[in-house]
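Take a look at the structure below.
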Amino acid sequence: MSAITVTERAARRIKEVLKGEPEGSMLRISVNGGGCSGFQYAFDIERNSSDDDVIVERDGAAVVVDSVSLQYIDGSVVDFVDDLIGQSFKIENPHATASCGCGTSFSL
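For the sequence shown, my numbering begins at 111 and goes up steadily by one.
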């Protein structure tokens, strides 16, 4: 069982984003303090991972999460949405008690 789940839509979008990046690049998801609800998600492209990182792969797309961030998003589903307000990665976090309208910050 993976610590996080990546949907098929998210995997397709991650592969699309990483197409122009060097071989072995991954999408890093991290949790930082801040945002309108206390914590915020950050998305970065990285080529390297640390020993304490968790790497989740789906359909050739790799997502990496550090062990500290994983505590806050363990069990989450990473999806990609394309709606009226735009395109973005969306994290359905079972630990979040509230989130902001933009969907990038949350509270526990």
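From the three backbone atoms N, C-alpha and C, an ideal C-beta is built for every residue, glycine too.
Quick caveat: nothing in here was measured; it's all calculated off a predicted structure.
Under 7 Å between C-beta atoms of residue i and residue j
| i | j | result |
| --- | --- | --- |
| M136 | E118 | no |
| D176 | D163 | yes |
| S159 | V174 | yes |
Rounded separation between residue i and residue j - CA only
| i | j | result |
| --- | --- | --- |
| D141 | V116 | Per the sequence shown, residue 141 should be read as Val rather than Asp. Distance between the alpha carbons of V141 and V116: 17 Å. |
| D169 | H205 | 26 Å |
| A121 | D192 | 14 Å |
| F149 | I195 | 22 Å |
| V127 | T207 | 30 Å |
| G144 | K129 | 30 Å |
| S209 | A171 | 27 Å |
| P132 | D154 | 14 Å |
| G134 | F190 | 21 Å |
Distance between beta carbons of residue j and residue i, contact taken as under 8 Å
| i | j | result |
| --- | --- | --- |
| V188 | I139 | 7 Å |
| I114 | V166 | 6 Å |
Residue from the options whose Cα sits closest to the Cα of residue i
| i | options | result |
| --- | --- | --- |
| E202 | I165, E167, Y182, D154 | Y182 |
| D161 | Q150, V178, Y151 | V178 |
| Y151 | I195, A121, A172, K200 | K200 |
Status (buried if at least 16 other CB within 10 Å, exposed otherwise) for residue i
| i | result |
| --- | --- |
| L180 | buried |
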